[in-house]
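> In this note's numbering, the protein residues as written are 49 to 156.
For every residue, glycine included, the Cβ atom is placed at its ideal position computed from N, Cα and C.
Structure below; questions to follow.
Here's what the structure looks like:
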């Protein structure tokens, strides 16, 4: 079985809450911050959108159609009927043209 397909399927199901809550917790701890950043960047590498909480802000990062990664920062985790963050809570965002790891640390 292709590991990338397995990870993609698991990340869409079982890992979603763990990714948001578990990795968000690890990001707050300096001892585990690099591990969390590396793990989140791996999700980006396989084409997944990552979401996490850092310093009481909600981050959403996904691959850009052009080049690089889109990074959006929100003040609330409120989402619409399509499970998308609401624009009214967006306080910052931009395009990161670096690596997936750069995209994770871009707005932190």
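Quick check on DSSP: helix, strand or coil for residue 154?
Along the chain shown, one-based indexing puts residue 154 at 106. Residue state, collapsed to three classes: coil.
> DSSP puts residue 127 in a beta bridge; with which residues?
As a first step, residue 127 must be located in the chain shown, where it is residue number 79. Looking at the DSSP assignment, residue 127 forms a beta bridge with 133.
> Where does residue 144 fall in DSSP's three states?
Walking along the chain shown from the start, residue 144 turns up at place 96. Strand.
> Leaving out the 5 sequence neighbours to the left and right, which residues in its chain are closer than 7 Å to residue 88 when beta-carbon positions are compared?
Residue numbering aside, residue 88 sits at position 40 when the chain shown is read from its first letter. The residues are 71, 98, 100, 152.
> Could you tell me which whole alpha helix (DSSP H) segments of length 4 or greater appear in the segment 86-125?
Fully enclosed alpha helix (DSSP H) runs of 4 or longer: not present.
> Residue 154 to residue 110, Cα distance in whole Å?
In the chain shown, residue 154 corresponds to position 106, counting from 1. In the chain shown, residue 110 corresponds to position 62, counting from 1. Answer to the nearest angstrom: the Cα atoms are 13 Å apart.
> Which same chain residues, not among the five before or five after residue 62, have their C-beta less than 7 Å away from its C-beta?
For the purposes of this step, residue 62 is taken as the residue at position 14 of the chain shown. Reliability fails at residue 62, whose pLDDT of 49 lies under 50, so the model's placement of it is uncertain and the value that follows must be treated cautiously. None.
> Going by DSSP, what residues sit across from residue 78 in a beta bridge?
As a first step, residue 78 is located in the chain shown; it is residue number 30 there, counting from the start. Answer is none; residue 78 lacks a bridge partner.
> If residue 144 and residue 117 are in contact, beta carbons under 8 Å, what's the gap, nearest whole angstrom?
Reading the chain shown from its first residue, position 96 is the one you call residue 144. Reading the chain shown from its first residue, position 69 is the one you call residue 117. 5 Å between Cβ atoms; contact.
> Could you check whether residue 148 and residue 137 sit closer than 8 Å to each other, using their CB atoms as the reference points?
Translated into the one-based positions of the chain shown, residue 137 becomes position 89. Translated into the one-based positions of the chain shown, residue 148 becomes position 100. Their beta carbons are not under 8 Å apart, which means residue 137 does not touch residue 148 by this criterion.
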